[in-house]
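Participant: Next up is a structure, given as structure tokens.
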Amino acid sequence: MWRWVVKDYFSAFGWYRISALMKAGNWFWVIYWFAMLPAMFKSFGSWEDTLTFYLMMIPIFFCLTSEIFHRNRLPKIFYICPMEKEIRKAYIKRKFLFSILFPSLIGGVAAVALWGFKLCHPLTAVLYFFDVLVISIFIGGIFKQTVQIPENSAIRLESVETNGVIEGAAYILSLIAAFGMYMMLEFGPSIEVWCKWIFVGFAVVLQLPLAIKGLTGWNAAVERALSYEVVKIKPKRIGG
Amino acid sequence: MRIEFQEVKKNLDKFTMGPINFDIPAGYIIGLVGPNGAGKTTLLNLLMGLYQPTGGEIRLDGISVKAAEKELLERMGVVLVEDMSEGFLFEGSRTLLQNGNDFGRYYSHYKEEKLKEYLKRFDLEEQRLYRKLSKGQRLKYQLAFALAHDPKLLILDEPTGNFDPTFREEFFRILKEFMADGEKSVILATHITEDLDRIADYLIYLEKGQTVFTKDVETLRESYRMVVGETYKIKLLAPEKIIHMEEGTYGTKALVKHTRRSLYDKELTVMVPTIEELMYFTTKRRK
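Protein chains in written order, with the working numbering: chain A, 5 to 244; chain B, 2 to 288.
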């Protein structure tokens with residue numbers, strides 16, 4: 005079952021989905037993230053700064069965007085085959101888990117690289133990994149319950165109308181967390197270690213509730229994924 | 002497998018279906034026809050338990066679809082055109098045999114040997130990866146898999162348009178073999194009404210979520226005639242018998258309710274209507 009979960013995850017990044025998103029004007033955000041932001045933070049000054057920026061921002065960008073591609077549903081054959089409900093549940097739970105683990109793994113690799121190349125303080129690398137993990141859980145949890153990419157744009161619009169506030173809040177909070185961490189790295193060498201611990205403490209206080217919030221709706225999301233009708237037709241609503 | 006729809010309704014976003022009523026005994030090949038958006042796939046989804054009806058009840062062999070999803074799914078074989086936004090139906094990177102065994106284990110009557118036999122018959126290599134198959138071959142594989150677990154009801158959602166002419170013949174032969182014991186049923190949703198002229202025993206004609214007619218094909222054929230000839234001669238028929246009439250350059254065609262042959266002028270050409278003619282003229286009348 006894991007094998008299909010993994011394949012299901014990667015096959016979701018189909019070109020037709022990427023192009024649909026890009027057609028909706030999202031090129032701007034890609035350019036903003038990878039060109040304008042590093043310029044604003046003066047990350048093109050040296051190769052170390054540039055490498056640091058991209059090592060940190062690529063995994064976070066992936067965390068923030070990858071869930072858009074993953075619909076809270078089982079492959080159609082799972083609805084057609086006479087399976088026990090428990091088998092379907094197990095699949096969807098593994099799918100959820102993988103959607104957190106994989107972006108976190110990318111973050112982990114980046115954290116090790118940052119540490120290994122001595123691009124940041126070890127504490128920053130640990131905090132960075134913590135950040136990626138929390139963002140994955142939070143964004144994953146929120147997206148499981150709210151916005152997906154349905155087959156037609158009408159449903160998509162309805163989803164955004166219903167859940168746009170939550171979606172926006174999720175993004176903003178995650179971005180604050182990510183930028184807070186990035187700024188700490190930027191100013192890291194000039195501040196004391198105790199100051200960094202305050203940053204860590206602040207991040208934990210801010211982000212742990214987000215992660216917990218991301219996890220709380222999972223059981224309801226699993227139940228919804230068991231119904232083909234719900235995943236095919238109905239837009240997702242918190243608690244709905 | 003006996004199929005009963007009792008006052009079945011389904012409300013979707015911008016589409017309302019029903020109430021649908023029919024009771025079709027086992028042993029029929031049921032043609033499900035209607036224009037795009039008529040509700041054919043919705044009806045099949047209701048039948049498979051993928052959608053829950055807003056009202057009414059669906060029973061298969063007397064068992065409510067709502068009550069026994071797993072038991073009933075085991076008796077169904079499904080062939081449907083893949084919606085690529087949902088990905089492949091089977092696992093793309095597994096071979097045909099592996100896919101069969103992976104999913105066949107959920108069906109108590111699945112037999113690997115039977116799958117191999119059908120793969121050979123359909124000219125599909127069992128070690129081929131599913132994603133390497135063409136659209137038509139993927140439908141053939143779905144059919145092979147469905148037959149390998151010996152279903153009582155075969156649900157076919159518009160597969161024939163993707164079959165090559167040679168396989169279409171084979172497909173009709175297979176359906177006849179499948180139906181041989183008189184206990185099984187096939188429901189075939191299609192736009193290709195010529196297929197239904199050849200094999201359908203029962204017709205469900207849907208339009209905008211409503212059934213226009215649900216009758217066995219023989220009764221339909223007995224009840225109507227296509228009449229071709231001069232307009233004034235057709236107009237001599239009782240107006241209530243004329244379903245719809247269309248004037249053309251070389252004469253007029255009309256679908257009429259048939260009672261006896263002697264009603265028609267001897268210069269009129271009177272024919273048994275095809276399913277396409279029945280659908281077309283009935284739809285025109287409704288408009």
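Positions of the beta carbon are idealized from the N, C-alpha and C atoms, including for glycine.
For a cutoff of 9 Å on Cβ pairs, would you count GLU75 (chain B) as touching chain A?
Facilitator: As a first step, residue 75 (chain B) must be located in the second sequence, where it is residue number 74. It does; some Cβ of chain A falls within 9 Å.
Participant: Using a cut-off of 8 Å between C-beta atoms, extract the partners of LYS71 (chain B) located in chain A.
Facilitator: Along the second sequence, one-based indexing puts residue 71 (chain B) at 70. Those are PRO86, MET87, GLU88, listed as they occur along chain A.
Participant: Provide the residue span of the beta strand (DSSP E) that contains ASP202 (chain B), from first to last.
Facilitator: Here residue 202 (chain B) refers to the residue found at position 201 of the second sequence. From DSSP, ASP202 (chain B) is part of no beta strand (DSSP E); its letter is neither H nor E.
Participant: CB VAL257 (chain B) to CB ILE276 (chain B), shorter than 9 Å?
Facilitator: By one-based count along the second sequence, residue 257 (chain B) stands at place 256. By one-based count along the second sequence, residue 276 (chain B) stands at place 275. No, they are not a contact pair.
Participant: Taking just the CA atoms, how far does GLU126 (chain B) sit from PRO274 (chain B)?
Facilitator: Residue mapping note: residue 274 (chain B) aligns to position 273 of the second sequence, counting from 1. Residue mapping note: residue 126 (chain B) aligns to position 125 of the second sequence, counting from 1. If I take the Cα positions, the gap works out to 42 Å.
Participant: I want to see whether chain B comes within less than 9 Å of GLU233 (chain A), judged by CB atoms only; does it?
Facilitator: By one-based count along the first sequence, residue 233 (chain A) stands at place 229. Interface residue, yes.
Participant: Comparing the C-beta of PRO63 (chain A) with each C-beta of chain B, is any distance below 9 Å?
Facilitator: Here residue 63 (chain A) is taken as the residue at index 59 of the first sequence, counted from 1. Not an interface residue.
Participant: Give the DSSP-derived three-state secondary structure of ASP182 (chain B) in the structure shown.
Facilitator: Within the second sequence, residue 182 (chain B) is the residue found at index 181, counting from 1. Reduced to three states, the DSSP call for ASP182 (chain B) is coil.
Participant: Name the residue from A:LEU68, A:ILE91, A:LEU131 whose alpha carbon lies nearest to the alpha carbon of PRO79 (chain A).
Facilitator: Taking the first residue of the first sequence as position 1, residue 79 (chain A) is located at position 75. Looking at the Cα atoms, A:ILE91 is the closest of the given residues.
Participant: Is the beta carbon of PHE23 (chain B) closer than 9 Å to that of THR215 (chain B)?
Facilitator: Sequence index remark: in the second sequence, residue 215 (chain B) carries index 214 (1-based). Sequence index remark: in the second sequence, residue 23 (chain B) carries index 22 (1-based). The answer is yes: Cβ separation under 9 Å.
Participant: Please list, in chain order, the residues of the stretch 9 to 35 of chain A that have any C-beta partner in chain B closer than 9 Å.
Facilitator: LYS11, ASP12, SER15, ALA16, GLY18, TYR20, ARG21
Participant: What span of residues does the beta strand (DSSP E) with ARG305 (chain B) cover, start to end?
Facilitator: The first residue shown for chain B is 2 and the last is 288, placing residue 305 (chain B) beyond what the model contains.
Participant: Compare the C-beta of PHE80 (chain A) against all C-beta atoms of chain B and say whether one is closer than 9 Å.
Facilitator: Within the first sequence, the letter at position 76 stands for residue 80 (chain A). Here residue 80 (chain A) is Lys; the residue named in the question, Phe, does not match the sequence. At least one chain B Cβ lies under 9 Å of LYS80 (chain A).
Participant: Tell me MET18 (chain B)'s beta-bridge partners as DSSP assigns them.
Facilitator: As a position in the second sequence, residue 18 (chain B) is number 17, starting the count at 1. Paired residues: B:LYS11.
Participant: What does ILE237 (chain A) reach in chain B if we use C-beta pairs closer than 9 Å?
Facilitator: Residue 237 (chain A) sits at position 233 when you count from the first residue of the first sequence. Under the 9 Å cutoff, chain B gives LEU13, ASP14, TYR52.
Participant: Buried or exposed for GLY49 (chain A), going by 16 or more other Cβ atoms inside 10 Å?
Facilitator: As a position in the first sequence, residue 49 (chain A) is number 45, starting the count at 1. It counts as exposed.
Participant: Throw me the rounded Cβ distance for the LEU45 (chain B) and CYS85 (chain A) pair, which I believe falls under 8 Å.
Facilitator: To locate residue 45 (chain B), count along the second sequence from 1; it is residue 44. To locate residue 85 (chain A), count along the first sequence from 1; it is residue 81. Contact doesn't hold; Cβ gap of about 16 Å is too wide.
Participant: I'd like the span of the beta strand (DSSP E) that includes GLY78 (chain B), first residue to last.
Facilitator: Locating residue 78 (chain B) in the second sequence gives position 77, where the first residue counts as 1. Note, GLY78 (chain B): beta strand (DSSP E), 77 to 81.
Participant: Taking 6 Å as the limit between beta carbons, can you name the residues of its chain near GLU155 (chain A), skipping five residues before and five after?
Facilitator: Here residue 155 (chain A) corresponds to residue number 151 of the first sequence, with the count starting at 1. With a pLDDT of only 44 at GLU155 (chain A), under 50, the local geometry of the prediction cannot be trusted, and the value read off the model is given with reservation. Once the five neighbours on either side are set aside, GLU155 (chain A) has no close Cβ partner at all.
Participant: Starting from ASP217 (chain B), follow the beta strand (DSSP E) in both directions and report where the run begins and ends.
Facilitator: In the second sequence, counting from the first residue as 1, residue 217 (chain B) sits at position 216. Segment 211 to 217, the beta strand (DSSP E) holding ASP217 (chain B).
Participant: Could you give the distance in angstroms between the alpha-carbon of SER224 (chain B) and the alpha-carbon of LEU51 (chain B)?
Facilitator: Residue mapping note: residue 224 (chain B) aligns to position 223 of the second sequence, counting from 1. Residue mapping note: residue 51 (chain B) aligns to position 50 of the second sequence, counting from 1. Distance between the alpha carbons of SER224 (chain B) and LEU51 (chain B) is about 36 Å.
Participant: So TYR83 (chain A) contacts chain B; which residues on that side make the cut at Cβ distance below 7 Å?
Facilitator: Stepping through the first sequence from its first residue, residue 83 (chain A) is reached at position 79. In chain order: LEU51.
Participant: Taking just the CA atoms, how far does LEU189 (chain B) sit from VAL79 (chain B)?
Facilitator: Indexing the second sequence from 1 puts residue 79 (chain B) at position 78. Indexing the second sequence from 1 puts residue 189 (chain B) at position 188. If I take the Cα positions, the gap works out to 10 Å.
Participant: If you measure from the beta carbon of ASN46 (chain B) to each beta carbon in chain A, is any gap under 9 Å?
Facilitator: Residue 46 (chain B) sits at position 45 when you count from the first residue of the second sequence. ASN46 (chain B) counts as touching chain A.
Participant: Can you pull out the residues from the stretch 98 to 120 of chain B whose beta carbon lies closer than 8 Å to at least one beta carbon of chain C?
Facilitator: Of the protein chains in the structure, A and B, none is chain C.
Participant: Using a 10 Å radius around the Cβ and a threshold of 16 neighbouring Cβ atoms, would you call LYS122 (chain A) buried or exposed?
Facilitator: To locate residue 122 (chain A), count along the first sequence from 1; it is residue 118. With fewer than 16 Cβ atoms within 10 Å of its Cβ, LYS122 (chain A) is classed as exposed.
Participant: Considering LYS254 (chain B), what are the terminal residues of the beta strand (DSSP E) in which it resides?
Facilitator: In the second sequence, the residue the question calls residue 254 (chain B) occupies position 253. Taken as a continuous stretch (DSSP letters only), the beta strand (DSSP E) holding LYS254 (chain B) covers 252 to 258.
Participant: What residues of chain A sit near VAL79 (chain B), judged by a beta carbon separation below 8 Å?
Facilitator: The residue labelled residue 79 (chain B) in the question sits at position 78 within the second sequence. By Cβ distance, chain A contributes ILE84.
Participant: Just checking: is the beta-carbon of LEU221 (chain B) within a distance shorter than 9 Å of some beta-carbon in chain A?
Facilitator: Mapped onto the second sequence, residue 221 (chain B) falls at position 220. By this cut-off, LEU221 (chain B) is not an interface position.
Participant: Give a yes or no on whether the C-beta atoms belonging to HIS150 (chain B) and GLY183 (chain B) are separated by under 9 Å.
Facilitator: Here residue 150 (chain B) refers to the residue found at position 149 when the second sequence is read from its first residue. Here residue 183 (chain B) refers to the residue found at position 182 when the second sequence is read from its first residue. Result no, Cβ atoms of HIS150 (chain B) and GLY183 (chain B) do not sit closer than 9 Å.
Participant: Compare the C-beta of LEU90 (chain B) against all C-beta atoms of chain A and say whether one is closer than 9 Å.
Facilitator: The residue you call residue 90 (chain B) lines up with position 89 of the second sequence. Closer than 9 Å to some Cβ of chain A, the Cβ of LEU90 (chain B) qualifies, so yes.
Participant: Distance, Cα to Cα, ASN30 (chain A) vs ARG21 (chain A)?
Facilitator: Start at 1 with the first residue of the first sequence, and residue 30 (chain A) comes out as number 26. Start at 1 with the first residue of the first sequence, and residue 21 (chain A) comes out as number 17. Roughly 12 Å between the two C-alpha positions.
Participant: Are the stretch 125 to 145 of chain A and the stretch 95 to 112 of chain A in contact at 8 Å, needing three or more beta carbon pairs?
Facilitator: yes
Participant: Against chain A, with Cβ distances strictly below 9 Å, would SER86 (chain B) count as a contact?
Facilitator: Locating residue 86 (chain B) in the second sequence gives position 85, counting from the first residue. With its beta carbon less than 9 Å from one in chain A, SER86 (chain B) belongs to the interface.
Participant: Looking at the strands, I want to know which residues DSSP matches up with LEU245 (chain B).
Facilitator: As a first step, residue 245 (chain B) is located in the second sequence; it is residue number 244 there, counting from the start. Here residue 245 (chain B) is His; the residue named in the question, Leu, does not match the sequence. In DSSP, HIS245 (chain B) forms a bridge with B:LEU256.
Participant: CA-CA distance, GLU114 (chain B) and SER186 (chain B)?
Facilitator: Mapped onto the second sequence, residue 114 (chain B) falls at position 113. Mapped onto the second sequence, residue 186 (chain B) falls at position 185. Going from the Cα of GLU114 (chain B) to the Cα of SER186 (chain B) covers about 23 Å.
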